[in-house]
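Participant: The following block contains the structure, expressed as structure tokens.
Number of protein chains: 2
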Amino acid sequence: MSRPPKAGSDTRARILDAAERLVTQHGYAATSVRMITREAGVPVALVNYHFGSKQGLMEAIYARALDRPEEPRVGYLDRLEAQADGAPLAVEVLVDAFISTALRLTQRENLSGTVFKQLIGQAFYEPGNSGETFFPGEYQETIERYKRAFQRALPLLDEAEILWRMYFFVGIVAYVMAGKDALQITRLYRLADAGDTERILSRLRPFIVAAFQAPPGQGPALAGLGSYDRI
Amino acid sequence: MSRPPKAGSDTRARILDAAERLVTQHGYAATSVRMITREAGVPVALVNYHFGSKQGLMEAIYARALDRPEEPRVGYLDRLEAQADGAPLAVEVLVDAFISTALRLTQRENLSGTVFKQLIGQAFYEPGNSGETFFPGEYQETIERYKRAFQRALPLLDEAEILWRMYFFVGIVAYVMAGKDALQITRLYRLADAGDTERILSRLRPFIVAAFQAPPGQGPALAGLGSYDRI
DNA sequence: GTCTATAAACGGATAGAC
DNA sequence: GTCTATCCGTTTATAGAC
Numbered sequence: 001m002s003r004p005p006k007a008g009s010d011t012r013a014r015i016l017d018a019a020e021r022l023v024t025q026h027g028y029a030a031t032s033v034r035m036i037t038r039e040a041g042v043p044v045a046l047v048n049y050h051f052g053s054k055q056g057l058m059e060a061i062y063a064r065a066l067d068r069p070e071e072p073r074v075g076y077l078d079r080l081e082a083q084a085d086g087a088p089l090a091v092e093v094l095v096d097a098f099i100s101t102a103l104r105l106t107q108r109e110n111l112s113g114t115v116f117k118q119l120i121g122q123a124f125y126e127p128g129n130s131g132e133t134f135f136p137g138e139y140q141e142t143i144e145r146y147k148r149a150f151q152r153a154l155p156l157l158d159e160a161e162i163l164w165r166m167y168f169f170v171g172i173v174a175y176v177m178a179g180k181d182a183l184q185i186t187r188l189y190r191l192a193d194a195g196d197t198e199r200i201l202s203r204l205r206p207f208i209v210a211a212f213q214a215p216p217g218q219g220p221a222l223a224g225l226g227s228y229d230r231i
Numbered sequence: 001m002s003r004p005p006k007a008g009s010d011t012r013a014r015i016l017d018a019a020e021r022l023v024t025q026h027g028y029a030a031t032s033v034r035m036i037t038r039e040a041g042v043p044v045a046l047v048n049y050h051f052g053s054k055q056g057l058m059e060a061i062y063a064r065a066l067d068r069p070e071e072p073r074v075g076y077l078d079r080l081e082a083q084a085d086g087a088p089l090a091v092e093v094l095v096d097a098f099i100s101t102a103l104r105l106t107q108r109e110n111l112s113g114t115v116f117k118q119l120i121g122q123a124f125y126e127p128g129n130s131g132e133t134f135f136p137g138e139y140q141e142t143i144e145r146y147k148r149a150f151q152r153a154l155p156l157l158d159e160a161e162i163l164w165r166m167y168f169f170v171g172i173v174a175y176v177m178a179g180k181d182a183l184q185i186t187r188l189y190r191l192a193d194a195g196d197t198e199r200i201l202s203r204l205r206p207f208i209v210a211a212f213q214a215p216p217g218q219g220p221a222l223a224g225l226g227s228y229d230r231i
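Protein sequences, first through last, are from chains A and B.
The numbering of the first sequence is my numbering, which starts it at 1 and goes up by one.
The numbering of the second sequence is my numbering, which starts it at 1 and goes up by one.
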């Protein structure tokens, strides 16, 4: 932004950095290539030179953001299970592991921090892209592993129930990491610790653990739903 | 789309319908006024005539979607509290009430059904708009009322903890209503009942109730976070 | 690899006839 | 209220000099 157009440093990375920042702030469609190159202090043409098109640039952003560490993600779960030596892992441990993994993902060194959260949120919620575009297949195995671990930890729940609870869990983590404050929308509250993802997730942990341990039977259907004359 | 430009029917509504459809599909920024009028089969100028600007059109969409029923939203909570006659409402009841309200909101007759869910999701996640633009002030009171009710139901939790759990709760509901399937992204699972919001929320209910009832102390911080060498 | 200049299309908005 | 024609700024992308 205030940087001189001077070369020497990696132009490609500069563009990626600027794009990452702007896209997470304003969204894909609302961010123009010119905004990006202005922010990066480079001429417009370089976007097309390096990435082919605006779309290509976007894909590069996601590719870099999701760029995997050397070890596969399940490696962590493997270690925990090895330690447990055949015994099922406790729900607390599983929830903890998943949250930690997600958190770690947001703290990758090559990421501006808040960036990844927004990318996650957008991948889940921005219409049009179905998510598959950006999420590499490796994550499938992770889900599968967690599913089996949760099944062992919660033998009273059937597979469908486990999956639904994982679904809620993943959703909440994405939601928290995306960082939009639904309650703040009401302008009434500013939550303590807001912005500190680690603290937030440590508040989330017992909440989710208890939720997973809820008794199976889906309880009575929503009480009298449909009989409420007016809400 | 295939409709003739013929008048007689309400043009304004035609534009709103088309805009609703397209915006929920592609998002605000990615939907141009011209796409909308093409879909509606009317000339471009009518958008500005009826709504002043593209932004005005958007606000009209949300206004219609959130268009309040005659009774204020808290009326329902009022009735429950009156019935309880001074006694605190149980967590189950509160969770149930909130979910039902949200669900009702998505089932308003004037809505194309899935539309509202996406609008909600986008209001929370689309970068740039902070949500205040669209969410009318009346919702503030609703949050405040729920907060007090939850505080009475869960006297062991301090206000901050209550707010955080409500935050998670609201997030999960928005997430579910927005309908993106995080697990489906992995292409491994298609959850039973998927798409049937009412069923999903009835699965959500016991999950959330148990979560709210989790013991206060935020538990140990994320176990050894920071000591995991690699995830 | 970097940059300038320009192409070609599309964006939202408006003036003014009907 | 409806529609055509047009203004004008901005968009993505490219051609071609350096």
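Don't be surprised by glycine CBs; every beta carbon is placed ideally from N, CA and C.
Predicted model, so just to flag it, every value in this text is computed and none were measured.
By the DSSP assignment, the alpha helix (DSSP H) with ALA160/B in it spans what residues?
Facilitator: Per DSSP, ALA160/B belongs to the alpha helix (DSSP H) from 159-178.
Participant: Buried or exposed for GLU161/B, going by 16 or more other Cβ atoms inside 10 Å?
Facilitator: So GLU161/B ends up on the buried side.
Participant: So which of TYR28/A, ASP85/A, GLU39/A, PRO155/A has the shortest CA-CA distance to ARG14/A?
Facilitator: GLU39/A
Participant: Any contact of the region 47-65 of chain A with the region 53-68 of chain B, i.e. 3+ C-beta pairs under 8 angstroms?
Facilitator: no
Participant: Exposed or buried, which one is ASP17/A when buried takes at least 16 other CB atoms within 10 Å?
Facilitator: buried
Participant: What are the start and end residues of the alpha helix (DSSP H) that includes GLY56/B?
Facilitator: 54-66
Participant: So, is GLU159/A buried or exposed, given that buried needs 16 or more other C-beta atoms within 10 angstroms?
Facilitator: exposed
Participant: From PRO215/A to PRO206/B, what does the alpha carbon distance come to, in whole angstroms?
Facilitator: 8 angstroms
Participant: Check the C-beta distance from LEU204/B over to PHE168/A and give it rounded, since I have them as a contact under 8 angstroms.
Facilitator: 6 angstroms
Participant: With a threshold of 9 angstroms between beta-carbons, can PHE270/A be considered close to chain B, or not?
Facilitator: The structure shown does not extend to residue 270/A, since chain A is modelled only from 1 to 231, so the question has no answer here.
Participant: Decide if VAL209/B is buried, meaning its Cβ has at least 16 other Cβ atoms within 10 Å, or exposed.
Facilitator: buried
Participant: Measure from the alpha carbon of LEU80/A to the alpha carbon of each residue in ALA149/A, ARG199/A, VAL176/A, ARG190/A, then state which is nearest.
Facilitator: ALA149/A
Participant: Helix, strand or coil for GLN151/B per DSSP?
Facilitator: helix
Participant: Kindly indicate which residue of THR11/B, PRO155/B, THR101/B has the alpha-carbon position closest to the one of LEU89/B.
Facilitator: Closest by alpha carbon: PRO155/B.
Participant: Can you find a CB in chain A that lies within less than 9 angstroms of the CB of GLY41/B?
Facilitator: no
Participant: When we look at the beta-carbon of ARG21/A and count the other beta-carbons within 10 Å, is it buried (16 or more) or exposed?
Facilitator: buried
Participant: Could you give the distance in angstroms between the alpha-carbon of ALA178/B and the alpha-carbon of ALA102/B?
Facilitator: Rounded to whole angstroms, the separation of the alpha carbons of ALA102/B and ALA178/B is 12 angstroms.
Participant: Please tell me whether VAL91/A has its Cβ less than 9 angstroms away from any Cβ of chain B.
Facilitator: no
Participant: Just to confirm, are VAL47/A and THR37/A a CB contact at a threshold of 9 angstroms?
Facilitator: Taking the C-beta atoms as reference points, THR37/A is found nearer than 9 angstroms to VAL47/A.
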